[in-house]
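So the protein sequences, as listed, match chains V and R. The first sequence begins at 1 in the UniProt record's numbering and counts up one residue at a time. The second sequence begins at 1 in the UniProt record's numbering and counts up one residue at a time. All C-beta atoms in this analysis are idealised placements derived from N, C-alpha and C, irrespective of residue type, glycine included.
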Amino acid sequence: MKKKSKISMPSKYILMIISLLCIIMIFISFRTNISTGSLRTVSGYIYVPVQKGINRIGTFFSDKADDLNKLRDVMKKNEKLQAQVDKLSIENSNLQQDKFELDRLRKLYKLDQKYTSYKKIGARVIGKDTGNWFSVFMIDKGSDDGIKKDMNVMAGSGLVGIIIDVGPNWAKVRSIIDDASELSAMTLETSDRCFVEGGLMDMNEKQMVKFTDLKDPDNQVSSGAEVVTSNISVKFLPGITIGYITEIKIGSNNLTKSGYITPVVDFEHLEEVLVITDLKEKGGK
Amino acid sequence: MKRKIVVFLLISACFILQSTVFKSLALANISPNLLIVIVSSFGFMRGKKSGLLIGFFSGLLVDISYGEVIGFYSLMYMYIGYFNGFFKKIFYPEDVKLPMALIAGSDFLYGILIYFFLFLFRKRYEFGYYLMHIIIPELVYTILVTLVLYRVILFINNKLEESEKRSASKFV
Numbered sequence: 001m002k003k004k005s006k007i008s009m010p011s012k013y014i015l016m017i018i019s020l021l022c023i024i025m026i027f028i029s030f031r032t033n034i035s036t037g038s039l040r041t042v043s044g045y046i047y048v049p050v051q052k053g054i055n056r057i058g059t060f061f062s063d064k065a066d067d068l069n070k071l072r073d074v075m076k077k078n079e080k081l082q083a084q085v086d087k088l089s090i091e092n093s094n095l096q097q098d099k100f101e102l103d104r105l106r107k108l109y110k111l112d113q114k115y116t117s118y119k120k121i122g123a124r125v126i127g128k129d130t131g132n133w134f135s136v137f138m139i140d141k142g143s144d145d146g147i148k149k150d151m152n153v154m155a156g157s158g159l160v161g162i163i164i165d166v167g168p169n170w171a172k173v174r175s176i177i178d179d180a181s182e183l184s185a186m187t188l189e190t191s192d193r194c195f196v197e198g199g200l201m202d203m204n205e206k207q208m209v210k211f212t213d214l215k216d217p218d219n220q221v222s223s224g225a226e227v228v229t230s231n232i233s234v235k236f237l238p239g240i241t242i243g244y245i246t247e248i249k250i251g252s253n254n255l256t257k258s259g260y261i262t263p264v265v266d267f268e269h270l271e272e273v274l275v276i277t278d279l280k281e282k283g284g285k
Numbered sequence: 001m002k003r004k005i006v007v008f009l010l011i012s013a014c015f016i017l018q019s020t021v022f023k024s025l026a027l028a029n030i031s032p033n034l035l036i037v038i039v040s041s042f043g044f045m046r047g048k049k050s051g052l053l054i055g056f057f058s059g060l061l062v063d064i065s066y067g068e069v070i071g072f073y074s075l076m077y078m079y080i081g082y083f084n085g086f087f088k089k090i091f092y093p094e095d096v097k098l099p100m101a102l103i104a105g106s107d108f109l110y111g112i113l114i115y116f117f118l119f120l121f122r123k124r125y126e127f128g129y130y131l132m133h134i135i136i137p138e139l140v141y142t143i144l145v146t147l148v149l150y151r152v153i154l155f156i157n158n159k160l161e162e163s164e165k166r167s168a169s170k171f172v
């Protein structure tokens, strides 16, 4: 060991030097925007193409596993549904349900038309955060395709998250269920504003995100109300569906309400997303 | 030089697998931490210096691709590699208990540190929940993967040491 390294420095000192370097780097990256620098560009060119390929293998396996699960689920459901069919044919509540559904679909249809005015490009999810704590993922489009920081990301009809970092051929998205995510939202019907916060615990336990500070003095908002991004948000474009209120209760101050929203996007099986290339600041033009 | 290239490829492979395949194979949203297995194994197999350098580069990789700030994960992985290096003296390749215990301990420490720095500081006080639902499941899953991955790392390390010895004896 000794004869190999000509200049041997005790590992203590190396540890100290690199520690110091890391701490300095942490402070620098807090203060400046070094993160989009050359380091990430280099790693983007090395890892993104490989991740793209390997990710296909992963989705293949998970698809196979899903198929099995689905089959079991479907068989179970089939039995249940059979029993329900008899019940439902006696009770004539279908009519009522249809009516609600019609209302909701009409609303959705209107929203959909609103979305088409935003310019969108599709992207594929190629990698997820290596840890289990945060919900950040990478997509295979970057600044070469016109993607910029703070652009909104959708999947299907709902909001997925926001771009927080961009490289030439990749971009990093923080989803709204991420523990550090917070955005301003409003109810579609009454335009009452609230905050939507992602949370690791809420998402694991209930598959929902939390909302707080909803001002609703007239008690018009009930569970099932649709929540969309608010028009006063700095980074999010207005009117993108986040989800539907599932639980609502009055806060301890008796002035505001809080509760949980079920997001419309299936975050667990996210494969393709749409990036809205309009930025909020230019939204009006 | 050969060792550097092999280790670099090993880290890359684990990083890519961890962010793609294992995310798809996640059980209850938990996926194993392969990088900690590498960092900690090289720590107790090769000593403090290797441990801290490999830890630093693995962490840097996580930092530049998924981290919020550059340096946080580097720092954490580096210290984990370094402290595993202390156990080099009592490490025997045949004995699988010590590596298992060390890797489990490292992953546990890693979880606690992340909770402390990234969650507690943001007023997430439910430690018990995070312990039972994130840290422990990740540990168990990582240990299961270690059973296979550790043998691979050990094999690679033995081969490297053999070839290093051969080239060293040529000079003598």
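I need the DSSP call for residue i, collapsed to helix, strand or coil.
i, result
"V/F211", "strand"
"V/K285", "Confidence at V/K285 is low in this model, with a pLDDT of 39, below 50, so its placement is unreliable and the value that follows should be read with caution. Of the three classes helix, strand and coil, the one that applies to V/K285 here is coil, per DSSP."
"V/R124", "strand"
"V/N152", "strand"
"V/R72", "helix"
"R/A26", "coil"
"V/E205", "helix"
"V/I176", "coil"
"R/A104", "helix"
"V/P263", "strand"
"R/V96", "coil"
"V/M1", "The predicted model places V/M1 with a pLDDT of 44, which falls under 50 and marks its position as unreliable, so this point remains unresolved."
"V/L255", "coil"
"V/K80", "helix"
"V/V221", "coil"
"V/K249", "strand"
"R/Y125", "coil"
"V/S184", "strand"
"R/Y79", "helix"
"R/T142", "helix"
"R/I70", "coil"
"V/Y244", "strand"
"V/F134", "coil"
"R/Q18", "helix"
"V/L274", "strand"
Comparing C-alpha positions only, which one of the options sits nearest to residue i?
i, options, result
"R/A101", "R/L154, R/L75, R/S65 and R/T146", "R/T146"
"V/K206", "V/K77, V/S184 and V/T262", "V/T262"
"V/V136", "R/I5, R/A13, R/S12 and R/S19", "R/S19"
"R/V21", "V/I57, V/I14 and V/G44", "V/I57"
"V/M16", "R/M78, R/R166, R/I153 and R/V148", "R/M78"
"V/G156", "V/I26, V/I121, V/Q84 and V/K172", "V/I121"
"V/D103", "V/P238, V/G224, V/L255 and V/G239", "V/G224"
"V/I176", "V/T130, V/K235, V/K119 and V/D67", "V/K235"
"residue 230 of chain R", "V/I46, V/K99, V/I14 and V/M25", "Given that chain R is displayed from residue 1 to residue 172, the structure contains no residue 230 of chain R and the question cannot be resolved."
"R/I11", "R/Y125, R/F42, R/N84 and R/E94", "R/F42"
"R/I54", "R/C14, R/F119, R/L144 and R/P99", "R/C14"
"V/Y260", "V/I28, V/Q84, V/I24 and V/M201", "V/M201"
"R/F56", "R/S31, R/F83 and R/K89", "R/F83"
"V/V42", "V/V173, V/N169, V/I18 and V/E226", "V/N169"
"R/D95", "R/R151, R/Y73 and R/I64", "R/R151"
"V/A185", "V/R174, V/I250, V/A171 and V/K210", "V/K210"
"V/M203", "V/C22, V/T277 and V/E268", "V/E268"
"V/W133", "R/L144, R/F119, R/Y125 and R/K123", "R/F119"
"V/G146", "V/E272, V/A171 and V/K70", "V/A171"
From residue i to residue j, what does the alpha carbon distance come to, in whole angstroms?
i, j, result
"V/K64", "V/M75", "17 angstroms"
"V/T190", "V/K280", "22 angstroms"
"R/K23", "V/D178", "16 angstroms"
"R/L52", "R/G81", "5 angstroms"
"V/I163", "V/K52", "19 angstroms"
"V/L183", "R/V69", "21 angstroms"
"R/S163", "V/S181", "50 angstroms"
"V/S11", "V/E226", "58 angstroms"
"R/G111", "V/G239", "38 angstroms"
"R/I103", "V/I14", "23 angstroms"
"V/M208", "V/I26", "32 angstroms"
"R/I64", "V/Q82", "53 angstroms"
"V/L105", "V/T256", "29 angstroms"
"V/K285", "V/I18", "The predicted position of V/K285 is uncertain, since its pLDDT is 39 and thus under 50; no value can be drawn from it."
In chain V, which residues lie less than 8 angstroms from residue i when you measure between Cβ atoms?
i, result
"R/M78", "L15, I18, S19 and C22"
"residue 175 of chain R", "Not covered by the structure: residue 175 of chain R. The range shown for chain R is 1 to 172."
What in chain R is Cβ-close to residue i, meaning under 8 angstroms?
i, result
"V/Y47", "S12, F15, I16 and S65"
"V/I54", "I16, L17, T20 and V21"
"V/M201", "R124, E126, Y129, Y130 and H133"
Can you name the residues of chain R whose CB is closer than 7 angstroms to the CB of residue i?
i, result
"V/R40", "I64"
"V/T59", "S24"
Residue i versus chain V: which residues are under 7 angstroms apart at the beta carbon?
i, result
"R/S19", "Q51, G127, K128 and T130"
- Task: Would you be able to state if there are at least three C-beta pairs under 8 angstroms between the stretch 211-224 of chain V and the stretch 148-160 of chain V?
- Result: no
- Message: Under 8 angstroms: do the stretch 126-143 of chain R and the stretch 153-166 of chain R share three or more Cβ pairs, one atom per stretch?
- Response: A contact between stretches requires three or more CB pairs, one per stretch, nearer than 8 angstroms, and the stretch 126-143 of chain R fails this requirement with the stretch 153-166 of chain R.
- Below 8 angstroms, can you find three or more Cβ-Cβ pairs linking the stretch 87-95 of chain R to the stretch 137-146 of chain R? no
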